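Everything on this sheet refers to the single structure shown next.
There are 2 protein chains.
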Amino acid sequence: MPNSAVSNSLFSSSTGATLGRRATTQRARFEDFGGTRRAFAAHEVVYYEGDPVKRLFQLSEGSLMLYKLLPDGRRQVVEVLQAGDIFGLAEGSEYDCTAETLTKTSVYEIDLKKVESSVGLQQQLTKCLIGQMNALHEHAMLLGRKSATERVASFFMYLIPNRGGPGCVGPDPEVEGDGCDLELHMTRQEIADYLGLTIETVSRVISDLKKRQVIRLEKSDRIHLRRVCDMCQITGIH
Amino acid sequence: MPNSAVSNSLFSSSTGATLGRRATTQRARFEDFGGTRRAFAAHEVVYYEGDPVKRLFQLSEGSLMLYKLLPDGRRQVVEVLQAGDIFGLAEGSEYDCTAETLTKTSVYEIDLKKVESSVGLQQQLTKCLIGQMNALHEHAMLLGRKSATERVASFFMYLIPNRGGPGCVGPDPEVEGDGCDLELHMTRQEIADYLGLTIETVSRVISDLKKRQVIRLEKSDRIHLRRVCDMCQITGIH
DNA sequence: CGGTCTTTTGACTGCAATCAACCAGTGTGG
DNA sequence: CCACACTGGTTGATTGCAGTCAAAAGACCG
């Protein structure tokens, strides 16, 4: 472990799979701590921005987005969550975002009091929060400084485990070529609201990548990358 | 406490003062847990993006920014921190951002092992992280969906405690008028990199607000708001 | 006072937003 | 089975906001 001064259970080790991070290691789930499971269909709202905070959630299966709205209808998707991610935390007594499922999901709910009293849960929570925080930093860079093409390319790279990040392993030498298939599980509108773009711009960028033969569309939300490294070059990170 | 189902020590109560939140209550400091104090001058780097993670920090006095760079030099300031805020957490073994002071600051350092073993510190940490997370959500909305003018206005409102947020108290009836003085403690370049704009655009927006008599410049980083409510109208939140 | 650095202002350009059609897939009912 | 509506996605034409490039105006300092 070169250059690393720490390797304790709390702060080291890659965990979770929030978009914007690319780690793989499993982390503990709320079910281990007595949380109760709840299922949602695709495009269901778990809670609305402004609702009173009652419980804490952990995503167990599927994917889910958190978004905020301005009074005139502008929307910003602030996080796209994957299995293991935490949501439902708030400073005050109201949620600061709306939580809406993207796919069929399974969620663990847990009482706030229970979290407070359990050291194990606390540590779990911290670990998740740090990861999600790093993803938010990365996303701030995307929203503040990247071009439309770079945003879309970065978004695609988010979806590929172990690639594009600081721990990128490069093309797998075991596998012929460096291709990859992606399922977006998001509409163009959701992608646009996540990337701070319009639906038309997202569509145009994707069409352009298609024309440049960087990608191939199997379906509108199923995309094949010819070579992952090519996509990575477009993200602005290299 | 209308509409609030919870009021335990961990997740309720307004805490901290990170930009993007407007709360006031004091929270515990690391000094109480045996952290060591360290002083920095203005524009000093505490650590660089990519440095190995060794310690956790809490800002005690002054203000500090976290930023990320792209290889071509584009910069995004991802957080501007105030007293009480935590920084230096990372998923892996390296910092994901550079931490640089904006003013003379005082920082408490604490060993990661110590945090892991203390329930009190853990709770403290969680509280801070949730607040900073909410600020990042708010900032994602700013970067993804707001106009240049709305960004600058929102930035100014960040700097005013108890105004503009969900718990906005409106103009203080005790005080004649609704004016307010602000110290920015940031150069135009830093503001631009925080708001995802260029230095010229920030300057133009400020000139325009001046022409519209919404603000008056005492110095280039000292600004008087004629009426806070007027500024708030420009943020896009209302 | 000149020299350096930050901020402001001006002229122009370009990227992404807007407005508007069009297209493809899906479901419904006569 | 086809006509129809409806939804989500794509493409085209045009506009406008913020970026870029360039220069002037202040601010600060030895």
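Top line first, the protein sequences correspond to chains E and C. Position one of the first sequence corresponds to residue 1 (this note's numbering), numbered consecutively onward. Position one of the second sequence corresponds to residue 1001 (this note's numbering), numbered consecutively onward. Yeah, the Cβ is synthetic: ideal placement off N, Cα and C, and Gly gets one too. Quantities reported herein were computed from a predicted structural model and do not represent experimental measurements.
Residue range of the unbroken beta strand (DSSP E) whose run includes residue i
i, result
"phenylalanine 1156(C)", "Careful: phenylalanine 1156(C) lies outside any beta strand (DSSP E), inside the alpha helix (DSSP H) at 1148-1158."
"glutamate 183(E)", "180-183"
"lysine 68(E)", "64-69"
"valine 80(E)", "75-81"
"valine 955(C)", "Any question about residue 955(C) goes unanswered here, given that chain C covers just 1001 to 1238."
"serine 60(E)", "55-61"
"arginine 1029(C)", "Arginine 1029(C) -> no beta strand (DSSP E), and no H or E assigned at all."
"arginine 1163(C)", "Note, arginine 1163(C): premise wrong, no beta strand (DSSP E); not H, not E."
"alanine 1039(C)", "1036-1040"
Extent of the continuous alpha helix (DSSP H) to which residue i belongs
i, result
"serine 117(E)", "112-117"
"threonine 101(E)", "Threonine 101(E) -> not in any alpha helix (DSSP H); beta strand (DSSP E) instead, spanning 98-101."
"isoleucine 215(E)", "It is not in any alpha helix (DSSP H) - isoleucine 215(E) instead sits in the beta strand (DSSP E) that spans 215-219."
"arginine 188(E)", "188-195"
"threonine 1201(C)", "1199-1211"
"isoleucine 1223(C)", "Looking at the DSSP string, isoleucine 1223(C) is not in any alpha helix (DSSP H); the run it does join, the beta strand (DSSP E), is 1222-1225."
"cysteine 229(E)", "228-234"
Proximity test, Cβ basis, 7 Å: residue i and chain E
i, result
"lysine 1114(C)", "no"
"cysteine 1097(C)", "yes"
"glutamine 1082(C)", "no"
"isoleucine 1234(C)", "no"
"leucine 1129(C)", "yes"
"isoleucine 1223(C)", "no"
"valine 1202(C)", "no"
"arginine 1151(C)", "no"
"glutamine 1189(C)", "no"
"glycine 1164(C)", "no"
"arginine 1145(C)", "yes"
"valine 1169(C)", "no"
"arginine 1074(C)", "yes"
"valine 1205(C)", "no"
Proximity test, residue i beta-carbon vs the ligand FMN heavy atom, cut-off 6 Å
i, result
"aspartate 85(E)", "The ligand FMN is absent from the structure shown, which contains no ligands of any kind."
Reference residue i; option with closest CA among the options
i, options, result
"isoleucine 1191(C)", "Phe1057(C), Phe1040(C) and Leu1066(C)", "Leu1066(C)"
"arginine 29(E)", "Ala83(E), Ile215(E), Val45(E) and Met186(E)", "Ala83(E)"
"alanine 1042(C)", "Lys1054(C), Gln1058(C), Leu1102(C) and Tyr1048(C)", "Leu1102(C)"
"isoleucine 1199(C)", "Thr1036(C), Ser1060(C) and Arg1074(C)", "Arg1074(C)"
"serine 63(E)", "Glu49(E), Asp85(E), Lys54(E) and Arg55(E)", "Asp85(E)"
"proline 1173(C)", "His1185(C), Val1228(C) and Gln1233(C)", "Val1228(C)"
"glutamine 124(E)", "Glu176(E), Phe156(E), Ala148(E) and Leu56(E)", "Leu56(E)"
"glutamine 1233(C)", "Gln1189(C), Ala1099(C) and Val1214(C)", "Val1214(C)"
"glycine 1120(C)", "Gly1034(C), His1224(C), Glu1218(C) and Leu1143(C)", "Gly1034(C)"
"methionine 1231(C)", "Leu1143(C), Tyr1047(C) and Leu1209(C)", "Leu1209(C)"
"alanine 1140(C)", "Gly88(E), Glu176(E), Leu197(E) and Ser118(E)", "Leu197(E)"
"glutamate 44(E)", "Arg163(E), Ser220(E), Glu183(E) and Glu100(E)", "Glu100(E)"
"histidine 185(E)", "Gly177(E), Tyr194(E), Gly179(E) and Asp178(E)", "Tyr194(E)"
"arginine 37(E)", "Glu109(E), Lys54(E) and Gly88(E)", "Glu109(E)"
"phenylalanine 1087(C)", "Leu1112(C), Gly1165(C) and Gln1076(C)", "Leu1112(C)"
"glutamate 138(E)", "Gly1165(C), Thr1098(C) and Ala1148(C)", "Thr1098(C)"
"alanine 153(E)", "Val175(E), Val107(E), His224(E) and Lys219(E)", "His224(E)"
"histidine 1238(C)", "Arg1212(C), Arg1163(C), Lys1219(C) and Thr1126(C)", "Arg1163(C)"
Neighbour flag for residue i against chain C, beta carbons, 7 Å
i, result
"valine 45(E)", "no"
"alanine 140(E)", "yes"
"asparagine 134(E)", "yes"
"cysteine 89(E)", "Cysteine is not the amino acid found at residue 89(E); the sequence shown has leucine there. Judged by the 7 Å Cβ criterion, leucine 89(E) is in contact with chain C."
"valine 6(E)", "Low confidence applies to valine 6(E): its pLDDT is 36, below 50, so where it sits in the model is not reliable, and the reading given next is rough at best. It does: the Cβ of valine 6(E) has a partner Cβ on chain C nearer than 7 Å."
"histidine 185(E)", "no"
"leucine 64(E)", "no"
"glutamine 213(E)", "no"
"phenylalanine 11(E)", "Reliability fails at phenylalanine 11(E), whose pLDDT of 48 lies under 50, so the model's placement of it is uncertain and the value that follows must be treated cautiously. At least one chain C Cβ lies under 7 Å of phenylalanine 11(E)."
"glutamine 122(E)", "yes"
"arginine 37(E)", "no"
"leucine 58(E)", "Here the sequence assigns glutamine to residue 58(E), which means leucine is not the residue at that position. No, its Cβ sits nowhere closer than 7 Å to a Cβ of chain C."
"aspartate 230(E)", "no"
"leucine 102(E)", "no"
"glycine 196(E)", "yes"
"leucine 182(E)", "no"
"valine 107(E)", "no"
Whole-angstrom C-beta distance between residue j and residue i, which should lie under 8 Å
i, j, result
"glutamine 132(E)", "glutamate 79(E)", "7 Å"
"arginine 1226(C)", "arginine 1216(C)", "7 Å"
"isoleucine 130(E)", "glutamate 1091(C)", "6 Å"
"threonine 1105(C)", "leucine 1070(C)", "Wrong, their Cβ atoms sit about 26 Å apart, outside the cutoff."
"glutamate 1094(C)", "aspartate 1051(C)", "7 Å"
"proline 1171(C)", "aspartate 1181(C)", "No, proline 1171(C) and aspartate 1181(C) are not in contact; Cβ-Cβ is about 15 Å, not under 8 Å."
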